[in-house]
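Beneath this line is the structure, given in C-alpha coordinates, with notes to follow.
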(Lines of atoms letter the chains of each structure in order from A and count residues from 1; the text may use other names and numbers.)
(Lines give C-alpha, C1' and ligand atoms only; values in the text may rest on other atoms or scores of the structure.)
Protein backbone atom coordinates (compact mmCIF):
# COMPACT_ATOMS: atom_id res chain seq x y z
CA UNK A 1 0.00 0.00 0.00
CA UNK A 2 2.80 2.47 0.92
CA UNK A 3 4.71 1.67 -2.30
CA UNK A 4 1.57 2.21 -4.36
CA UNK A 5 0.94 5.61 -2.65
CA UNK A 6 4.57 6.62 -3.11
CA UNK A 7 4.43 5.59 -6.75
CA UNK A 8 1.27 7.65 -7.30
CA UNK A 9 2.86 10.63 -5.58
CA UNK A 10 5.98 10.38 -7.72
CA UNK A 11 3.92 10.10 -10.89
CA UNK A 12 1.85 13.12 -9.83
CA UNK A 13 4.99 15.18 -9.13
CA UNK A 14 6.59 14.15 -12.41
CA UNK A 15 3.43 15.10 -14.32
CA UNK A 16 3.36 18.54 -12.69
CA UNK A 17 7.10 19.25 -12.69
CA UNK A 18 8.05 22.68 -13.95
CA UNK A 19 10.16 22.84 -17.08
CA UNK A 20 11.90 25.91 -15.70
CA UNK A 21 14.81 24.98 -13.43
CA UNK A 22 14.56 26.20 -9.85
CA UNK A 23 16.53 29.29 -8.90
CA UNK A 24 16.03 28.66 -5.18
CA UNK A 25 19.75 28.30 -4.38
CA UNK A 26 20.73 31.42 -6.32
CA UNK A 27 17.92 33.45 -4.74
CA UNK A 28 18.73 32.21 -1.24
CA UNK A 29 22.40 33.08 -1.77
CA UNK A 30 21.44 36.56 -3.01
CA UNK A 31 19.17 37.13 0.02
CA UNK A 32 21.94 36.03 2.40
CA UNK A 33 24.55 38.25 0.70
CA UNK A 34 22.20 41.26 0.77
CA UNK A 35 20.58 40.65 4.17
CA UNK A 36 21.72 43.94 5.74
CA UNK A 37 20.23 46.37 3.26
CA UNK A 38 17.19 44.13 2.67
CA UNK A 39 16.37 44.51 6.38
CA UNK A 40 16.30 48.32 5.91
CA UNK A 41 14.23 47.98 2.74
CA UNK A 42 11.66 45.80 4.52
CA UNK A 43 11.47 48.32 7.38
CA UNK A 44 10.78 51.08 4.86
CA UNK A 45 8.08 48.94 3.18
CA UNK A 46 6.33 48.25 6.49
CA UNK A 47 6.42 51.96 7.35
CA UNK A 48 4.91 52.89 3.98
CA UNK A 49 2.20 50.25 4.28
CA UNK A 50 1.31 51.58 7.74
CA UNK A 51 1.22 55.13 6.36
CA UNK A 52 -1.10 54.04 3.56
CA UNK A 53 -3.41 52.23 5.99
CA UNK A 54 -3.47 55.13 8.44
CA UNK A 55 -4.36 57.56 5.65
CA UNK A 56 -6.74 55.33 3.66
CA UNK A 57 -4.46 55.43 0.64
CA UNK A 58 -3.93 53.12 -2.30
CA UNK A 59 -0.70 52.68 -4.22
CA UNK A 60 -1.75 55.24 -6.81
CA UNK A 61 -2.45 57.78 -4.04
CA UNK A 62 0.98 57.24 -2.50
CA UNK A 63 2.61 57.43 -5.93
CA UNK A 64 0.94 60.78 -6.56
CA UNK A 65 2.04 62.13 -3.19
CA UNK A 66 5.63 60.99 -3.80
CA UNK A 67 5.70 62.11 -7.43
CA UNK A 68 6.53 58.62 -8.70
CA UNK A 69 4.73 55.90 -10.65
CA UNK A 70 2.51 53.27 -9.00
CA UNK A 71 4.97 50.68 -10.36
CA UNK A 72 7.76 52.30 -8.36
CA UNK A 73 5.58 52.28 -5.24
CA UNK A 74 5.09 48.54 -5.82
CA UNK A 75 8.88 48.14 -5.85
CA UNK A 76 9.14 50.09 -2.59
CA UNK A 77 6.43 47.96 -0.99
CA UNK A 78 8.15 44.75 -2.08
CA UNK A 79 10.85 45.36 0.53
CA UNK A 80 13.61 44.60 -1.96
CA UNK A 81 14.39 48.04 -3.40
CA UNK A 82 17.95 49.23 -2.71
CA UNK A 83 17.52 52.93 -1.97
CA UNK A 84 20.01 55.71 -1.38
CA UNK A 85 19.85 57.83 1.75
CA UNK A 86 18.81 60.72 -0.49
CA UNK A 87 15.83 58.73 -1.81
CA UNK A 88 14.76 57.79 1.71
CA UNK A 89 15.08 61.40 2.89
CA UNK A 90 12.97 62.50 -0.07
CA UNK A 91 10.23 60.02 0.88
CA UNK A 92 10.36 61.15 4.52
CA UNK A 93 10.16 64.83 3.54
CA UNK A 94 7.22 64.35 1.16
CA UNK A 95 5.24 62.25 3.67
CA UNK A 96 6.31 64.04 6.84
CA UNK A 97 7.34 60.78 8.53
CA UNK A 98 10.45 58.92 9.62
CA UNK A 99 10.95 55.73 7.64
CA UNK A 100 14.07 54.29 9.21
CA UNK A 101 14.69 54.02 12.92
CA UNK A 102 18.24 53.40 14.04
CA UNK A 103 18.43 51.63 17.36
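Numbering (the numbering used here), first residue to last: 104 to 206. Idealized CB from N, CA, C, for every residue including glycine.
- Three or more pairs of CB atoms, one per stretch, sit closer than 8 Å, so the segment 154 to 165 contacts the segment 174 to 191.
- By the Cβ test, the segment 163 to 171 is not in contact with the segment 111 to 127, since fewer than three Cβ pairs between them sit closer than 8 Å.
- Here the alpha carbon of residue 200 sits roughly 33 Å from the alpha carbon of residue 132.
- About 14 Å separates the beta carbons of residue 191 and residue 141, which is beyond the 8 Å limit, so they are not a contact pair.
- Judged by DSSP in its simplified three-state form, residue 125 adopts coil rather than helix or strand.
- Within 10 angstroms of the beta-carbon of residue 165 lie 16 or more other beta-carbons, which makes it buried.
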